[in-house]
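K.L.:
Number of protein chains: 2
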Amino acid sequence: MHDAVTIDWRLKGFPASLHGLSRTEVAGRQASLLEGDFPMPVAILKDSAIRHNILWMRAFLEAVGADICPHGKTTMSPELFALQKDAGVWGMTAATAHHVRVYRQWGVTRILLANQLVSPGDIALVLDELEKDPGFEFFCLVDSIEGTDRLAAAARRRQLSRPLNVLVEMGAARGRTGVRSISAGAALSAYVVTQRDVLALRGIEIFEGIFPSDADGPDQARAMLSGMLELVSEVYAAGHFADGEILLTGGGSSLFDLCAELLTRVDLAGRQRIILRSGCYIVHDHGTYVRAFEAIRERRPDIDLIGPGPRAALEVWAVIQSVPEQGEAIASLGKRDVGFDADLPVAIWHYRPLVDARPRPLTGTLSITKLYDQHACMVGSADLEVGDMVGFGISHPCTTFDKWRALPVVDDDYVMTSFITTMF
Amino acid sequence: MHDAVTIDWRLKGFPASLHGLSRTEVAGRQASLLEGDFPMPVAILKDSAIRHNILWMRAFLEAVGADICPHGKTTMSPELFALQKDAGVWGMTAATAHHVRVYRQWGVTRILLANQLVSPGDIALVLDELEKDPGFEFFCLVDSIEGTDRLAAAARRRQLSRPLNVLVEMGAARGRTGVRSISAGAALSAYVVTQRDVLALRGIEIFEGIFPSDADGPDQARAMLSGMLELVSEVYAAGHFADGEILLTGGGSSLFDLCAELLTRVDLAGRQRIILRSGCYIVHDHGTYVRAFEAIRERRPDIDLIGPGPRAALEVWAVIQSVPEQGEAIASLGKRDVGFDADLPVAIWHYRPLVDARPRPLTGTLSITKLYDQHACMVGSADLEVGDMVGFGISHPCTTFDKWRALPVVDDDYVMTSFITTMF
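Chains as they are written, first to last, in UniProt numbering: chain E, 1 to 424; chain U, 1 to 424.
#1: For Val-42/E, which of Gly-20/E, Leu-344/E, Arg-405/E has the nearest alpha-carbon?
#2: Give me the Cβ distance between Glu-72/E and His-98/E, rounded to the nearest whole Å; I'm assuming they're in contact under 8 Å.
#3: For a cutoff of 8 Å on Cβ pairs, would you count Trp-9/U as touching chain E?
#4: Given a cut-off of 8 Å, decide if His-240/U and Gly-393/U are closer than it, judged by their beta-carbon atoms.
#5: Going by the CB atoms, is the gap between Gln-374/U and Thr-96/E shorter than 8 Å?
#6: Determine the closest residue to Glu-205/U out of Ser-226/U, Asp-216/U, Gly-217/U, Ala-269/U, with distance taken between C-alpha atoms.
#7: Using the three-state DSSP reduction, which class does Phe-138/E fall into: helix, strand or coil?
#8: Taking Cβ to Cβ, would you say Thr-93/E is nearer than 8 Å to Phe-136/E?
#9: Which of the three DSSP states, helix, strand or coil, is assigned to Cys-377/E?
#10: What's the C-alpha gap between Thr-249/U and Gly-309/E?
#11: If contact is defined by three or more beta carbon pairs under 8 Å, each pair taking one atom from either stretch, is the stretch 42-56 of chain E in contact with the stretch 307-324 of chain E?
#12: Give the single residue among Pro-345/U, Thr-148/U, Asp-143/U whose Cα lies nearest to the Cα of His-396/U.
#13: Determine, using beta carbons only, whether Arg-277/E and Cys-69/E come nearer to each other than 8 Å.
#14: Across which residues does DSSP place Val-179/E in a beta bridge pair?
#15: Would you mind reading off the limits of the beta strand (DSSP E) that contains Arg-202/U?
#16: Skipping 5 residues on each side, what residues in its chain have a beta carbon closer than 8 Å to that of Ala-340/U?
#17: Name the one or two DSSP bridge partners that Trp-317/E has.
#18: Within 8 Å (strictly less), CB to CB, does Tyr-372/U reach chain E?
#19: Mind checking if Leu-407/E is an interface residue toward chain U, Cβ cutoff 8 Å exclusive?
#20: Kindly give me the distance between the Cβ atoms of Asp-143/U and Val-179/U, rounded to whole angstroms, as I take these residues to be in contact under 8 Å.
#21: Which residues of the stretch 124-141 of chain U have a Cβ closer than 7 Å to any Cβ of chain E? Give them in chain order.
#22: Should Leu-125/U and Gly-91/U be called a contact, given that it needs their Cβ atoms to be closer than 8 Å?
#23: Note down, in chain order, every chain E residue with its Cβ under 7 Å from the Cβ of Ala-16/U.
#24: Can you pull out the residues from the stretch 26-48 of chain U whose beta carbon lies closer than 7 Å to at least one beta carbon of chain E?
#25: When you compare the CB of Ile-420/U with every CB in chain E, is at least one pair closer than 8 Å?
#26: Determine the direct distance from the alpha carbon of Ala-87/U to that of Ile-54/U, and round the result to whole angstroms.
#27: With a 10 Å radius around its C-beta and 16 neighbouring C-beta atoms as the bar for buried, classify Val-355/U as buried or exposed.
#28: Using a Cβ-Cβ distance under 8 Å, would Arg-336/E count as near chain U?
#29: What are the start and end residues of the alpha helix (DSSP H) that includes Met-228/E?
#30: Along chain U, in chain order, which residues have C-beta atoms closer than 9 Å to that of Asp-343/E?
#31: Under the three-state reduction of DSSP, which class applies to Met-1/U: helix, strand or coil?
#32: Name the residue from Lys-403/E, Ser-48/E, Gly-147/E, Val-235/E whose alpha carbon lies nearest to the alpha carbon of Lys-12/E.
#33: Assess contact between the stretch 172-190 of chain E and the stretch 217-234 of chain E, defined as three or more Cβ pairs (one per stretch) separated by less than 8 Å. Is contact present?
#34: Please classify Pro-345/U: does DSSP put it in a helix, a strand, or coil?
#35: Hey, does residue 433/E have any beta-carbon neighbour from chain U nearer than 8 Å?
#36: Taking a contact to mean a Cβ-Cβ separation below 8 Å, would you say Ala-186/U touches Glu-234/U in this structure?
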């Protein structure tokens with residue numbers, strides 16, 4: 001169905017010459033970033049890096065013995081979801097009820113909503129989807145009696161043909177959502193069992209990504225995982241998990257190796273399934289996740305055995321529109337085009353049209369001093385002229401992806417071969 | 001044409017019960033935020049505030065004797081553009097060539113691109129639009145010989161039937177784009193005249209919004225405006241402006257009163273037209289622009305003579321999904337839903353469904369300590385329960401608007417009367 005989407009005037013980052021063309025049709029046009037075919041700025045995805053990252057993650061999962069239910073919020077892209085499906089993901093993770101609706105339209109049959117489902121409008125939306133399709137497998141989190149009651153009452157009113165699958169979320173003090181102690185988790189699990197006419201307790205969930213990937217973050221994540229495992233033991237011993245598989249899931253995109261390491265030690269008579277939820281691996285970046293991956297390599301050098309690690313697939317390109325003073329330059333990209341929550345974008349490539357054969361690594365210094373909605377003010381020693389093109393790396397792909405409704409996919413020569421769409 | 005747009009599953013913030021309905025059809029459904037009809041989070045626009053703000057700005061412009069060419073980047077919304085057109089705006093301001101293309105599809109006939117036009121792809125896009133419609137009036141900025149040459153060369157190659165209208169941008173030291181001195185501005189103006197076969201020098205532009213609205217920001221803006229006026233005098237005396245109106249334009253959304261005050265003092269034998277470019281007035285906010293407007297009132301108390309000032313039209317509502325510890329609460333909104341570049345969102349309204357008749361101003365304290373992609377962690381003394389709804393005010397509407405493809409428009413009882421779309 002996604003092949004029917006065509007490029008049009010609504011999409012920033014595409015030349016008018018491609019309007020009306022579908023994903024499969026654009027390849028023949030050989031639209032080239034370096035030949036100036038694209039309006040600026042433009043966010044591009046490197047096809048080779050996306051494919052590499054998907055294979056890398058599959059190899060990692062095979063090596064550790066875990067499944068993945070990637071967080072779809074990173075890209076919200078049906079075309080990338082399809083690549084992930086082809087790679088054998090267990091399901092897709094959602095953050096909101098709206099995500100669930102969108103994923104369903106994209107044909108996702110197993111969804112883990114790694115969140116509480118609380119408001120009447122959100123609960124109704126999910127129950128609608130469950131009613132529509134008996135084959136739809138859905139899981140969400142609970143972390144309070146009140147929230148559990150809301151879900152149970154709504155499910156009871158609907159007289160659903162099957163129970164709602166829930167996982168108890170275990171959190172950490174001064175963290176995000178989730179029960180704050182093993183005893184609270186055990187009590188909530190027992191409470192869910194009292195609602196077994198409409199709810200099924202399918203497992204335990206954590207999000208260890210509340211901790212940083214450096215300093216004492218990994219130790220805190222280990223402690224959180226250990227607590228989770230104690231809770232799992234208690235709930236298992238009490239016989240409170242519903243029949244069938246027991247899901248143990250954690251995993252942002254920085255400390256997922258720890259989740260794999262600790263969770264795969266569990267044996268619940270073979271009923272356990274270990275599920276990571278990393279979302280950013282498919283895109284990687286030039287900041288946060290570079291550092292996180294270096295930390296993983298330090299923790300477990302054997303990760304190199306599965307081959308070179310993830311590569312940054314996303315770059316945002318802009319033109320130098322003004323060099324108003326020596327050592328200052330303004331590029332045509334801003335808060336509307338790149339994420340700026342983790343780090344500011346980093347200038348990586350420098351390309352002078354009609355002079356350079358290929359982009360070259362930027363020489364000299366160049367750093368963004370201020371990011372406006374549509375401008376980046378930069379200072380440094382790099383030799384820049386009006387009209388030069390600069391390729392920026394980003395940090396935390398989630399907040400760059402959501403600024404583009406579609407992104408050209410390019411080959412290693414920056415020639416467009418396809419495009420993907422997003423739906424934020 | 002915008003009336004043909006209907007709500008569907010692609011749009012977050014809308015209930016499924018409204019799918020398939022157009023702007024005019026939704027009013028009859030009486031979808032109610034307070035009755036739990038909407039998925040969470042949802043960004044809403046208050047109809048009364050939008051209409052008030054438009055009337056307020058019109059009264060301000062009449063009082064000071066200036067025109068407005070609102071920056072469309074704030075909302076990128078055809079429905080709001082239409083309201084601004086009805087209010088008699090001179091034109092619409094764009095930030096990128098892509099904006100120009102989108103505005104043209106929306107029927108905007110006069111566009112000021114308050115930016116340099118540099119890359120081949122961007123220049124081609126604008127020249128395409130000029131070729132297509134002899135009635136399209138277009139203006140853009142130049143701040144360098146190189147940039148001027150690029151424009152002139154491209155226009156010459158196209159053999160456009162009319163000159164490209166340019167304004168020289170005057171900047172400030174360590175600021176954004178724009179020439180850094182009166183002499184540089186005068187020299188560039190003279191250079192544009194040498195390209196008069198394809199370029200027409202229509203005026204001088206500044207963006208004083210690079211300065212803050214507090215501390216010495218207003219004084220720096222005054223100095224920048226004074227410099228601009230000196231440049232205007234020089235260029236005028238040299239006879240370098242093209243025949244016809246001379247455009248003098250400045251104005252972000254914080255210091256526009258200073259632009260109006262200083263620029264309306266100019267008399268170029270009646271040929272001058274003073275154009276402000278504020279974009280945020282139509283939405284206003286609960287942060288940056290509240291403070292900026294208070295500063296305006298202090299600078300010129302007579303502004304109250306035109307009636308009460310702009311009101312915040314945009315609120316983002318979320319549900320409390322977890323109260324994991326005393327004094328902590330997690331709401332279902334995050335970086336994907338609200339801007340966080342100026343200030344974090346502020347909790348304003350508290351509504352307990354089935355208990356409260358109406359939202360009440362939040363009592364006690366509540367502040368966001370950490371914003372994730374889809375969660376807000378909050379601490380404070382406010383009495384919150386799972387399932388409570390909280391209405392947040394935002395700061396800097398530009399970076400919240402771009403997170404929504406459509407926003408419900410509601411009446412003062414939070415019942416949906418219409419919706420607007422955006423195209424970022």
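All C-beta atoms, glycine included, are put in the ideal place defined by N, C-alpha and C.
P.N.:
Let me spell this out:
#1: Against the first sequence, residue 42/E aligns to sequence position 42. Comparing Cα positions, the closest option is Arg-405/E.
#2: The sequence position of residue 72/E within the first sequence is 72, counting from 1. The sequence position of residue 98/E within the first sequence is 98, counting from 1. At residue 72/E the sequence reads Gly, which differs from the Glu that was named. With a Cβ gap of about 12 Å, Gly-72/E and His-98/E do not count as contacting.
#3: Taking the second sequence and counting its residues from 1, one reaches residue 9/U at position 9. With 8 Å as the cut-off, Trp-9/U counts as an interface residue toward chain E.
#4: One-based indexing of the second sequence puts residue 393/U at position 393. One-based indexing of the second sequence puts residue 240/U at position 240. Not a contact, by the Cβ cut-off of 8 Å.
#5: Taking the first sequence and counting its residues from 1, the one referred to as residue 96/E is at position 96. Taking the second sequence and counting its residues from 1, the one referred to as residue 374/U is at position 374. Contact flag set, yes.
#6: Counting from one through the second sequence, the residue named residue 205/U turns up at place 205. Considering only alpha carbons, the answer is Ser-226/U.
#7: Numbered from 1 along the first sequence, position 138 holds the residue referred to as residue 138/E. Strand.
#8: In the first sequence, counting from the first residue as 1, residue 93/E sits at position 93. In the first sequence, counting from the first residue as 1, residue 136/E sits at position 136. No, the Cβ-Cβ distance between Thr-93/E and Phe-136/E is not below 8 Å.
#9: For the purposes of this step, residue 377/E is identified with residue 377 of the first sequence, where counting begins at 1. Note: Cys-377/E maps to strand in three-state DSSP.
#10: Within the second sequence, the letter at position 249 stands for residue 249/U. Within the first sequence, the letter at position 309 stands for residue 309/E. If you take the alpha carbons of Thr-249/U and Gly-309/E, they lie about 52 Å apart.
#11: yes
#12: Position 396 of the second sequence, counted from the first residue, corresponds to residue 396/U. Measuring from the Cα of His-396/U, the nearest candidate turns out to be Pro-345/U.
#13: On the first sequence, position 277 is the one that residue 277/E refers to. On the first sequence, position 69 is the one that residue 69/E refers to. Yes, the Cβ-Cβ distance between Arg-277/E and Cys-69/E is below 8 Å.
#14: Sequence index remark: in the first sequence, residue 179/E carries index 179 (1-based). Partner(s): Met-170/E.
#15: Taking the second sequence and counting its residues from 1, the one referred to as residue 202/U is at position 202. Segment 199-205, the beta strand (DSSP E) holding Arg-202/U.
#16: One-based indexing of the second sequence puts residue 340/U at position 340. According to the sequence shown, residue 340/U is Phe rather than Ala. Excluding positions up to five away in sequence, the list reads Leu-371, Thr-399.
#17: Mapped onto the first sequence, residue 317/E falls at position 317. DSSP lists Val-42/E, Gly-391/E as partners of Trp-317/E.
#18: What you label residue 372/U is simply residue 372 of the second sequence in a count that begins at 1. It does: the Cβ of Tyr-372/U has a partner Cβ on chain E nearer than 8 Å.
#19: Here the question's residue 407/E lines up with position 407 in the first sequence. Chain U, which has no Cβ nearer than 8 Å to the Cβ of Leu-407/E, makes this no.
#20: Sequence index remark: in the second sequence, residue 143/U carries index 143 (1-based). Sequence index remark: in the second sequence, residue 179/U carries index 179 (1-based). The Cβ separation is near 5 Å, so the contact holds.
#21: Leu-125, Asp-128
#22: For the purposes of this step, residue 125/U is taken as the residue at position 125 of the second sequence. For the purposes of this step, residue 91/U is taken as the residue at position 91 of the second sequence. Result no, Cβ atoms of Leu-125/U and Gly-91/U do not sit closer than 8 Å.
#23: Along the second sequence, one-based indexing puts residue 16/U at 16. Residues of chain E passing the Cβ test: Leu-125, Asp-128.
#24: Gly-36, Asp-37, Phe-38, Pro-39, Met-40
#25: Along the second sequence, read from residue 1 onward, the residue named residue 420/U stands at position 420. No, its Cβ sits nowhere closer than 8 Å to a Cβ of chain E.
#26: Reading the second sequence from its first residue, position 54 is the one you call residue 54/U. Reading the second sequence from its first residue, position 87 is the one you call residue 87/U. Roughly 7 Å separates the two Cα atoms.
#27: By 1-based counting over the second sequence, the position of residue 355/U is 355. The residue in question, Val-355/U, is exposed, as its Cβ has fewer than 16 Cβ neighbours within 10 Å.
#28: Numbered from 1 along the first sequence, position 336 holds the residue referred to as residue 336/E. At least one chain U Cβ lies under 8 Å of Arg-336/E.
#29: In the first sequence, the residue the question calls residue 228/E occupies position 228. 217-237 is the span of the alpha helix (DSSP H), which, as asked, contains Met-228/E.
#30: Start at 1 with the first residue of the first sequence, and residue 343/E comes out as number 343. Neighbours of Asp-343/E on chain U: none; closest Cβ ~14 Å, over 9 Å.
#31: Against the second sequence, residue 1/U aligns to sequence position 1. Caution is warranted here: a pLDDT of 49 is assigned to Met-1/U, below 50, making its placement in the model unreliable, and no coordinate value can be reported.
#32: As a working mapping, residue 12/E is identified with position 12 in the first sequence. Of the listed residues, the one whose Cα sits closest to Lys-12/E is Lys-403/E.
#33: yes
#34: Sequence index remark: in the second sequence, residue 345/U carries index 345 (1-based). Three-state result, Pro-345/U: coil.
#35: Nothing can be reported for residue 433/E, as the shown portion of chain E is limited to 1 through 424.
#36: Sequence index remark: in the second sequence, residue 186/U carries index 186 (1-based). Sequence index remark: in the second sequence, residue 234/U carries index 234 (1-based). In this structure, Glu-234/U lies closer than 8 Å to Ala-186/U by Cβ.
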